[in-house]
Amino acid sequence: MNHPEKARTFTADAARTAWHDQALWFIRQKRDRAVSQVPEWEELRARAAAIKAHAMSRLDHYLELFEARATANGAVVHWAADGPELCRIVQGLLAARGVQRVVKSKSMLTEECHLNPHLEAHGIEVVDTDLGERIVQLRHEPPSHIVMPAIHLKRAEIGDLFHEKMGTRAGADDPGYLAEAARADLRGRFLGAEAGITGVNFAVAELGAVVVCTNEGNADLGTALPRLHIACMGLEKIIPRAGDLGVFLRLLARSATGQPVTAYTSHFLRPRAGAEFHIVIVDNGRSAVLAQPEFRSTLSCIRCGACMNTCPVYRRSGGHSYGFVTPGPIGSVIAPGRDAREHRTLPFASSLCGSCSDVCPVRIELHTQLLAWRRVLASRGLVSPLKLWSMAVLAWVLRDPVRFERAGWIGRRLLSALPRFLIYNPLNAWGRQRELPAPPRESFRDLYRLRMPRGPKT
Amino acid sequence: MSRQRIFDAIRRNRPPPVEHPGSIPASPLRFSDPLASFIEAVKSVGGQAESLASRTQIPALLKQRFPEAKIVSSLARGGPPSTLDLENNADPHDLAGVDLAVLDGVFGVAENGCVWVPEENMRWRALPFITQHLVLIVPAAATVPTLHEAYERLAAALSALSYGVLISGPSKTADIEQCLVIGAHGPRSLLVALVPE
Ligand code: SF4
Numbered sequence: 209m210n211h212p213e214k215a216r217t218f219t220a221d222a223a224r225t226a227w228h229d230q231a232l233w234f235i236r237q238k239r240d241r242a243v244s245q246v247p248e249w250e251e252l253r254a255r256a257a258a259i260k261a262h263a264m265s266r267l268d269h270y271l272e273l274f275e276a277r278a279t280a281n282g283a284v285v286h287w288a289a290d291g292p293e294l295c296r297i298v299q300g301l302l303a304a305r306g307v308q309r310v311v312k313s314k315s316m317l318t319e320e321c322h323l324n325p326h327l328e329a330h331g332i333e334v335v336d337t338d339l340g341e342r343i344v345q346l347r348h349e350p351p352s353h354i355v356m357p358a359i360h361l362k363r364a365e366i367g368d369l370f371h372e373k374m375g376t377r378a379g380a381d382d383p384g385y386l387a388e389a390a391r392a393d394l395r396g397r398f399l400g401a402e403a404g405i406t407g408v409n410f411a412v413a414e415l416g417a418v419v420v421c422t423n424e425g426n427a428d429l430g431t432a433l434p435r436l437h438i439a440c441m442g443l444e445k446i447i448p449r450a451g452d453l454g455v456f457l458r459l460l461a462r463s464a465t466g467q468p469v470t471a472y473t474s475h476f477l478r479p480r481a482g483a484e485f486h487i488v489i490v491d492n493g494r495s496a497v498l499a500q501p502e503f504r505s506t507l508s509c510i511r512c513g514a515c516m517n518t519c520p521v522y523r524r525s526g527g528h529s530y531g532f533v534t535p536g537p538i539g540s541v542i543a544p545g546r547d548a549r550e551h552r553t554l555p556f557a558s559s560l561c562g563s564c565s566d567v568c569p570v571r572i573e574l575h576t577q578l579l580a581w582r583r584v585l586a587s588r589g590l591v592s593p594l595k596l597w598s599m600a601v602l603a604w605v606l607r608d609p610v611r612f613e614r615a616g617w618i619g620r621r622l623l624s625a626l627p628r629f630l631i632y633n634p635l636n637a638w639g640r641q642r643e644l645p646a647p648p649r650e651s652f653r654d655l656y657r658l659r660m661p662r663g664p665k666t
Numbered sequence: 009m010s011r012q013r014i015f016d017a018i019r020r021n022r023p024p025p026v027e028h029p030g031s032i033p034a035s036p037l038r039f040s041d042p043l044a045s046f047i048e049a050v051k052s053v054g055g056q057a058e059s060l061a062s063r064t065q066i067p068a069l070l071k072q073r074f075p076e077a078k079i080v081s082s083l084a085r086g087g088p089p090s091t092l093d094l095e096n097n098a099d100p101h102d103l104a105g106v107d108l109a110v111l112d113g114v115f116g117v118a119e120n121g122c123v124w125v126p127e128e129n130m131r132w133r134a135l136p137f138i139t140q141h142l143v144l145i146v147p148a149a150a151t152v153p154t155l156h157e158a159y160e161r162l163a164a165a166l167s168a169l170s171y172g173v174l175i176s177g178p179s180k181t182a183d184i185e186q187c188l189v190i191g192a193h194g195p196r197s198l199l200v201a202l203v204p205e
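Chains as they are written, first to last, in this note's numbering: chain A, 209 to 666; chain W, 9 to 205.
Laid out in structure tokens, this is it:
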């Protein structure tokens, strides 16, 4: 199923769509309040974008530096060209130590590489410990948001799930009660785990340090008890200096949830006494993006989720409608780079309003890239004939002022005169799930002429 | 090998060099009273703050705030006696029953309520997370305005660090319908006690 088809399933429940829309808009507003507290916000964004652009232009240098420093610190660095290799490396590390039980903190990379199913197929129990991720894990579904994995679920659904899986009271849906039940359940799993897997928010080259941000403290608890910590990172997570951390951390949580910072910002440099620290650096298509000037800046993404919270399409179609590990505007520009045919509808899941680019803390020009992808897809013949045909007609109309005015005149008459079944025909995507507005009798130009009898000054 | 393949691809594909924008200018966020802003920030992220005239007041404060706490791990200077032998405790799993941990923080950050706690102040990395309640003792005069100054301050210490964490409030989650719940996997409460030095 493509995006419009999946979105249709989501929007079939109008009340739920409105609820989802509001929940995300609320987070967008929290973000705005947090951002207004920082007078140098735009300066920080510019810095962040410049630091990332620099880091990507010298990525080989910084990866080598990171590897050297991390190794000197006592960590073991591994390289994975793709998802399957990451899975093999991690599974190999676990198998060599006889590990059966693993706790994992949030990592979109391992989600992207399907690490959980791989480990489970090898008889290893993997428990996602971020509450939102745990919820979707128990439901056997992927996260619908990169920061709030269970944002699509209502408390009653989570209550039912916990009743079935953890024996909470039937019908109980108080978030405090449910979170407490999850805490108790997961405590035991933390204590029983033989290895902890984490993602990485930032990898500081000059320190060989891995920085992880959480609110729950699960990355720390999950790595401080067992004797093995495996951190998995995409190679674009590199930043050059410790001082750069200040820039990114001041942007990240404010953009993500409107918090001034996450509860825990953890810096991992050396293994603790008697324990091992492994870092797996994954490419999986990232190095290829370096060669694409138009799309290169997607490598700067710090996965804050702000672009999805603000996106009118994401808010009303839900994360699962994108069919890709990262939904929303950023997902829609990354996904077609991985598989253009499979994800060909995603660059069209946008009104091109530009709100995503406005909120992006690292200034990725998302809406420009969405448009660029449409062009690429059209040139590769991956756009539906109906869309191409209607675009061609539109272009023909818009090219000529007289044609445009006539078309407007005809349109206004037709919309009021035609019977419903002709207007809301299956070919008219704009007539689905919405009523077209009543056409005005006069166009803007008519009104303008009426009020400016001598004609507009030029 | 994958390492070589990845580096070959990066060298083939990397864009022309772009300069690092240089060290970041100090934030114009200059708090007239950084300590007051820090206390406000700690409260806004769900923590509590208390100013003490001296470290000698710590045990009394804890007795009053945590009368129920049975298993106490204290590593802070001037903290109460520990009921747990942390030095000879060989396995962090033995910390599972800790009710209250009392640790020294190095400094606070006014803009977001963060307290810097390096590994040497906690003995076991698990301690500040596995404990039910956490108390951080922080020198009041050490408050910095923003994370920018925090990393400037840490610059020299970071490369020798094993592990360190900036802690802002108690652990929390909003994963169920965006309702804030304090006490996710880590401590259910955080008390920052400010001391003169
Ligand atoms: S593209 Fe920008 S706004 Fe979207 S998740 Fe990445 S950093 Fe955040």
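Idealized CB from N, CA, C, for every residue including glycine. These figures come from a predicted structure and were not determined experimentally.
Note the first and the last residue of the continuous beta strand (DSSP E) segment covering residue i.
{"i": "A:M356", "result": "Run containing A:M356: none; DSSP gives neither H nor E here."}
{"i": "A:K312", "result": "309-312"}
{"i": "W:L199", "result": "197-203"}
{"i": "W:T151", "result": "No beta strand (DSSP E) holds W:T151; DSSP gives it neither H nor E."}
{"i": "A:L415", "result": "Unbroken run through A:L415: none, as it is neither H nor E."}
{"i": "A:F485", "result": "484-490"}
Along chain W, in chain order, which residues have C-beta atoms closer than 8 Å to that of residue i?
{"i": "A:K362", "result": "E185"}
{"i": "A:D268", "result": "F15, I18, R19, R22"}
Name the chain W residues whose beta carbon is nearer than 9 Å to that of residue i?
{"i": "A:R607", "result": "Chain W residues near A:R607: none, gap ~36 Å exceeds 9 Å."}
{"i": "A:H262", "result": "P25, V26, E27, H28, P29"}
Strictly under 8 Å for the Cβ-Cβ distance: is residue i near chain W by that measure?
{"i": "A:V455", "result": "yes"}
{"i": "A:L443", "result": "yes"}
{"i": "A:L477", "result": "yes"}
{"i": "A:T217", "result": "no"}
{"i": "A:E349", "result": "no"}
{"i": "A:P448", "result": "yes"}
{"i": "A:E293", "result": "yes"}
{"i": "A:F612", "result": "no"}
{"i": "A:S474", "result": "yes"}
{"i": "A:P520", "result": "no"}
{"i": "A:D491", "result": "yes"}
{"i": "A:G384", "result": "yes"}
{"i": "A:S265", "result": "yes"}
Please report the residue range of the alpha helix (DSSP H) in which residue i lies.
{"i": "A:C295", "result": "291-304"}
{"i": "A:G396", "result": "383-400"}
{"i": "A:A288", "result": "Here A:A288 belongs to no alpha helix (DSSP H); instead the beta strand (DSSP E) covers 284-288."}
{"i": "A:A261", "result": "249-265"}
{"i": "A:T473", "result": "No alpha helix (DSSP H) holds A:T473; the beta strand (DSSP E) holding it covers 472-476."}
Closer than 7 Å by beta-carbon distance: list the chain A residues that pair up with residue i, in chain order.
{"i": "W:P100", "result": "A432, L433"}
{"i": "W:T181", "result": "L339, A387, N423, E424"}
{"i": "W:N96", "result": "Going along chain A, no residue has its Cβ under 7 Å from W:N96, so there is no contact; the nearest lies around 14 Å."}
{"i": "W:N21", "result": "S495, A496, L498, A499"}
{"i": "W:R13", "result": "A289"}
{"i": "W:I32", "result": "R255, G451, G454, V455"}
Comparing C-alpha positions only, which one of the options sits nearest to residue i?
{"i": "A:S352", "options": "A:L623, A:Y530, A:T553", "result": "A:Y530"}
{"i": "A:P645", "options": "A:Y632, A:V355, A:Y270, A:S508", "result": "A:Y632"}
{"i": "W:S209", "options": "W:V152, W:H101, W:L142, W:N21", "result": "Past the edges of chain W, shown from 9 to 205, lies residue 209 of chain W, and the structure says nothing about it."}
{"i": "A:P555", "options": "A:S563, A:I538, A:P609, A:D566", "result": "A:I538"}
{"i": "W:E127", "options": "A:S474, A:Y270, A:L459, A:F612", "result": "A:S474"}
{"i": "W:D102", "options": "W:F115, W:K78, W:A134", "result": "W:A134"}
{"i": "W:H171", "options": "W:A201, W:N129, W:Q186, W:E157", "result": "One point to set straight first is that residue 171 of chain W is Tyr, not His, in the sequence displayed. Ranking W:A201, W:N129, W:Q186, W:E157 by Cα distance to W:Y171 puts W:N129 first."}
{"i": "W:S167", "options": "A:R523, A:A464, A:R494, A:F274", "result": "A:F274"}
{"i": "W:V152", "options": "A:G454, A:G375, A:P325, A:F410", "result": "A:G454"}
{"i": "A:R628", "options": "A:E643, A:E333, A:S525", "result": "A:E643"}
{"i": "A:A514", "options": "A:E502, A:F503, A:Q467, A:G291", "result": "A:Q467"}
From the beta carbon of residue i, is the nearest beta carbon of chain A less than 8 Å away?
{"i": "W:E58", "result": "no"}
{"i": "W:I18", "result": "yes"}
{"i": "W:P36", "result": "yes"}
{"i": "W:F137", "result": "yes"}
{"i": "W:G1", "result": "Residue 1 of chain W is absent from the model: chain W starts at 9 and stops at 205."}
{"i": "W:I47", "result": "no"}
{"i": "W:L92", "result": "no"}
{"i": "W:S197", "result": "no"}
Run down chain A in chain order and give the residues with a C-beta less than 9 Å from the C-beta of residue i.
{"i": "W:E119", "result": "Q245, V246, R458, P468, V469"}
Closer than 8 Å, CB to CB, is residue i near chain D or not?
{"i": "A:M356", "result": "The structure shown contains no chain D; its protein chains are A and W."}
Which residues of chain A have a Cβ atom closer than 8 Å to the Cβ of residue i, listed in chain order?
{"i": "W:R133", "result": "D428, T431, A432, R480"}
Handout entry: Near-chain A residues of the region 142-167 of chain W - C-beta to any C-beta below 9 Å
Key = T154, L155, H156, E157, A158, Y159, E160, L162, A163, L166, S167
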